[in-house]
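Here the sequence shown is numbered in this note's numbering, starting from 396 and rising by one per residue.
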Amino acid sequence: MKCKSLLLIFVLLFAGSALFGQATPIAAGQSTFIGCAYSNGQATGFSTYWNQVTPENGGKWGSVEGTRGVMNWTDMDAAYNAAKKYGLLFKEHTLIWGSQQPAWMAALDTASQRREIEQWFSLLAARYPAIDYIDVVNEPLHNAPNGMLPWGSTTKNIDYAKALGGAGKTGWDWIITSFRMARKYFPKSKLIMNEYGVINSTTETQKYIQIIKLLQADNLIDGIGEQAHAFTTFGTSATTLKANLDALGATGVPIYLTEFDIDGLTDLDQLKEMRRVFPIFWKHPAVKGITFWGFRVGLWRTDQGANLVTQTGVERPALKWLKAYVKDSLINTQSVTVSSSDGRTSIDQLGTTLKLVATVLPVNTTLTNVTWSVSPSSLATIDSKGLLTAVGVGTVKVTAAVWDGTGIKGSMDIVISNLTSVSAEKSIGEKIVVYPNPALNGCFTINGIEDIKQIELVNAMGKKVAAFNNLDQSSINIQVNVPSGIYVLNFFDGEQYGYKKIIIQ
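What follows is the structure in structure tokens.
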């Protein structure tokens with residue numbers, strides 16, 4: 396009976412893990428974590444990729460206590476419990492911020508504001524005793540709780556910084572007080588200050604460092620939070636990104652990329668930017684954690700294509716690359732071969748199509764995606780799936796270029812003609828046999844020409860390239876020196892014409 400009970404427990408545990416989609420996170424076993432913002436819309440498959448949890452909105456004071464004295468912990472509970480259930484690091488976001496704070500704080504005097512702040516810290520600490528990291532102060536330079544008008548806003552922030560000491564002697568006393576309170580209520584948590592607009596600006600980086608040094612002097616700060624949203628990293632050179640990381644890293648305080656996303660309305664655009672930006676962060680010795688700000692459709696930059704999986708949960712190429720890069724298991728392309736799906740190398744009617752296929756080797760290449768192109772584009776078009784459409788007569792080169800950054804390409808030539816007039820052979824040509832077809836090196840034989848007076852060889856452009864007259868025989872061996880391609884043999888018996896198509900190689 397005991398054995399049966401143990402077996403049942405094992406089965407239930409396994410089933411629970413499978414239902415949650417438990418897998419090895421991308422950065423499992425690494426010294427630097429890769430986490431993600433957590434919400435109900437981001438929960439599915441979360442632990443498959445991420446080993447750190449940050450509640451997207453559930454940990455903000457305004458979300459928890461929108462009505463004074465009424466605490467709504469639902470979203471915060473969900474994020475915290477998910478982290479603890481699956482052994483993931485947890486970061487609280489955020490204690491003090493000028494945005495998404497309780498509107499009712501504006502009506503209180505400074506003494507009452509101070510009591511409410513203390514109570515907010517106290518209640519949070521009591522409910523969540525095992526918080527690994529905390530964004531104590533969020534966006535002090537650009538979105539402080541001091542009555543400032545934030546960029547892009549038409550409403551000033553609530554001013555409760557005075558309740559924390561205001562600017563004071565240092566100019567940033569309210570931040571220092573916030574960190575002292577956080578150290579008091581969360582003595583085991585790593586305390587972080589978080590800011591945007593720093594990674595792309597040397598000026599803002601230096602302003603940020605001034606505050607960091609004030610906190611360092613009292614041993615109050617354990618981490619530098621640096622937001623890395625796409626609107627700050629895109630268009631910022633690798634040199635600038637690294638220089639600002641270096642400057643922050645020189646303080647000796649660990650850096651955490653706290654809100655990271657890569658836009659990409661096309662898969663290729665997102666992949667290129669991920670491949671450009673992520674290694675700068677991942678390789679930097681001062682960076683100890685990177686948190687994506689959502690990964691599923693529904694994240695805050697869905698309209699900009701920042702999701703890493705599709706609506707149906709399929710991994711986009713940027714995520715496939717990220718997984719392999721972090722695990723040092725990237726397998727690059729060695730060769731690309733282009734062929735048609737049915738073996739044809741020609742199209743004989745304008746407006747028709749030919750499906751092309753790119754075979755990428757080795758078969759376990761990390762990214763098998765290719766970009767299709769055709770030249771000259773005046774003769775054909777090709778879509779993203781390799782469907783070639785003929786629009787002009789001539790020879791085109793179709794190329795498939797891989798996405799993995801190796802620069803490897805494959806190509807093939809396609810001959811396009813417009814032979815609609817000979818799609819059905821005339822009766823005069825029914826008994827005529829042409830072989831071999833295709834004709835190697837321009838050599839072929841024509842049988843059944845007893846009644847034929849004249850034979851012409853015409854290329855795909857409609858130009859006559861060879862003629863045979865005064866025929867009085869049933870068979871003829873022909874050798875022509877012409878370019879490879881599709882040709883038409885015109886037969887004339889003195890009264891009517893007949894046609895045969897031949898491919899010369």
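Built from N, CA and C at the ideal position, the CB exists for glycine as well.
How close, in whole Å, do the beta carbons of residue i and residue j come, if the pair is a contact with beta carbons under 8 Å?
{"i": "residue 753", "j": "residue 731", "result": "6 Å"}
{"i": "residue 656", "j": "residue 689", "result": "7 Å"}
{"i": "residue 700", "j": "residue 660", "result": "4 Å"}
{"i": "residue 446", "j": "residue 434", "result": "Between residue 434 and residue 446 the Cβ distance is about 17 Å, and since that is not below 8 Å, they are no contact."}
{"i": "residue 855", "j": "residue 897", "result": "So it is not a contact: roughly 11 Å between Cβ atoms."}
{"i": "residue 627", "j": "residue 594", "result": "5 Å"}
{"i": "residue 639", "j": "residue 598", "result": "Between residue 598 and residue 639 the Cβ distance is about 10 Å, and since that is not below 8 Å, they are no contact."}
{"i": "residue 869", "j": "residue 842", "result": "7 Å"}
{"i": "residue 742", "j": "residue 844", "result": "Going by Cβ atoms, the distance from residue 742 to residue 844 rounds to 29 Å, so no, they are not a contact pair."}
{"i": "residue 537", "j": "residue 591", "result": "6 Å"}
{"i": "residue 716", "j": "residue 670", "result": "6 Å"}
{"i": "residue 727", "j": "residue 799", "result": "5 Å"}
{"i": "residue 658", "j": "residue 676", "result": "Incorrect: roughly 16 Å between the Cβ atoms, too far for contact."}
Counting only the same chain and skipping the five closest in sequence on each side, list residues whose C-beta sits under 6 Å from that of residue i.
{"i": "residue 490", "result": "531"}
{"i": "residue 344", "result": "A query on residue 344 cannot be resolved here, the shown segment of the chain reaching from 396 to 900 and no further."}
{"i": "residue 763", "result": "755"}
{"i": "residue 900", "result": "833, 835 and 879"}
{"i": "residue 766", "result": "796"}
{"i": "residue 516", "result": "576 and 580"}
{"i": "residue 668", "result": "657"}
{"i": "residue 787", "result": "773 and 774"}
{"i": "residue 416", "result": "Interpretation of residue 416 is limited by its pLDDT of 49, a score under 50 that renders its predicted location unreliable; no figure is taken from the coordinates."}
Across which residues does DSSP place residue i in a beta bridge pair?
{"i": "residue 423", "result": "In DSSP, residue 423 forms no bridge with anything."}
{"i": "residue 456", "result": "Paired residues: none, contrary to the question."}
{"i": "residue 882", "result": "854 and 897"}
{"i": "residue 448", "result": "431 and 485"}
{"i": "residue 870", "result": "842"}
{"i": "residue 766", "result": "796"}
{"i": "residue 829", "result": "841"}
{"i": "residue 892", "result": "887"}
{"i": "residue 529", "result": "487 and 586"}
{"i": "residue 556", "result": "Beta-bridge pairing links residue 556 to no other residue."}
{"i": "residue 418", "result": "Paired residues: none, contrary to the question."}
{"i": "residue 849", "result": "864 and 887"}
{"i": "residue 834", "result": "899"}
{"i": "residue 608", "result": "None; residue 608 has no bridge partner."}
{"i": "residue 859", "result": "853"}
{"i": "residue 541", "result": "554"}
Ordered along the chain, which non-local residues of its own chain (more than five positions away) have a Cβ less than 8 Å from that of residue i?
{"i": "residue 616", "result": "574, 586, 587, 588, 607, 610 and 648"}
{"i": "residue 848", "result": "864, 865, 866, 887, 888 and 889"}
{"i": "residue 420", "result": "429, 442, 443, 444, 445, 446 and 483"}
{"i": "residue 578", "result": "586 and 615"}
{"i": "residue 635", "result": "595 and 597"}
{"i": "residue 506", "result": "558"}
{"i": "residue 624", "result": "591, 654, 655, 656, 688 and 696"}
Please return the same chain residues whose Cβ sits closer than 7 Å to the Cβ of residue i, not counting the five positions on each side in sequence.
{"i": "residue 542", "result": "551, 552 and 554"}
{"i": "residue 729", "result": "756 and 757"}
{"i": "residue 820", "result": "Bear in mind that the predicted position of residue 820 carries a pLDDT of just 45, short of 50, making it too unreliable to give a figure here."}
{"i": "residue 522", "result": "468"}
{"i": "residue 572", "result": "559 and 560"}
{"i": "residue 830", "result": "839 and 840"}
{"i": "residue 702", "result": "690, 691, 692 and 694"}
{"i": "residue 739", "result": "749"}
{"i": "residue 424", "result": "none"}
{"i": "residue 449", "result": "430, 432, 433, 486, 488 and 686"}
* With a cut-off of 8 Å, do at least 3 Cβ pairs link the region 773 to 785 to the region 746 to 758? -> They touch, by the three-pair rule.
* **Every unbroken alpha helix (DSSP H) within the region 466 to 522, with a cutoff of 4 residues, ordered by chain** => Listed in chain order, the alpha helix (DSSP H) runs fully inside the region 466 to 522 are 469 to 480 and 505 to 522, counting runs of at least 4 residues.
* **Inter-stretch contact at 8 Å, needing at least 3 Cβ pairs: the region 828 to 845 / the region 864 to 876** => Three or more beta-carbon pairs separated by less than 8 Å link the region 828 to 845 to the region 864 to 876, which places the two stretches in contact.
* Where are the beta strand (DSSP E) runs, 3 residues long or more, that stay fully inside the region 561 to 605, in chain order? -> Within the region 561 to 605, the complete beta strand (DSSP E) runs of at least 3 residues fall at 585 to 590.
* To do: Mind listing, in chain order, the continuous beta strand (DSSP E) runs of no fewer than 3 residues lying wholly within the region 706 to 755?
  => List check, beta strand (DSSP E) in window: 730 to 735.
* Check whether the region 590 to 609 touches the region 629 to 647, taking contact to mean three or more Cβ pairs, one atom from each stretch, closer than 8 Å. => Enough Cβ pairs lie closer than 8 Å, so yes.
* Is the region 490 to 500 touching the region 451 to 467, taking contact as three or more C-beta pairs under 8 Å? -> Contact between the region 490 to 500 and the region 451 to 467 is established, with three or more Cβ pairs separated by less than 8 Å.
* Tell me the start and end of each unbroken alpha helix (DSSP H) in the region 640 to 710 that is at least 4 residues and wholly inside, in chain order. => Segments of the alpha helix (DSSP H) lying fully in the region 640 to 710: 662 to 678.
* Take every Cβ of the region 434 to 443, pair it with every Cβ of the region 471 to 487, and state whether three or more of those distances are shorter than 8 Å. => Taking 8 Å as the limit for Cβ pairs, the verdict is that the region 471 to 487 does touch the region 434 to 443.
* Could you tell me which uninterrupted beta strand (DSSP E) segments, each at least 3 residues in length, are contained entirely in the region 772 to 817, listed from first to last along the chain? => As far as the region 772 to 817 is concerned, its whole beta strand (DSSP E) runs of at least 3 residues are 775 to 777, 782 to 785, 789 to 797 and 804 to 811.
* If you scan the region 616 to 640 from start to end, which runs of the alpha helix (DSSP H) of 4 or more residues do you find wholly inside it? -> Taking only runs of at least 4 residues, the alpha helix (DSSP H) segments lying wholly in the region 616 to 640 are 625 to 628.
* To do: Answer yes if the region 789 to 807 comes into contact with the region 825 to 832, meaning at least three C-beta pairs across the two stretches below 8 Å, and no otherwise.
  => Flag = no, the region 825 to 832 and the region 789 to 807 do not touch.
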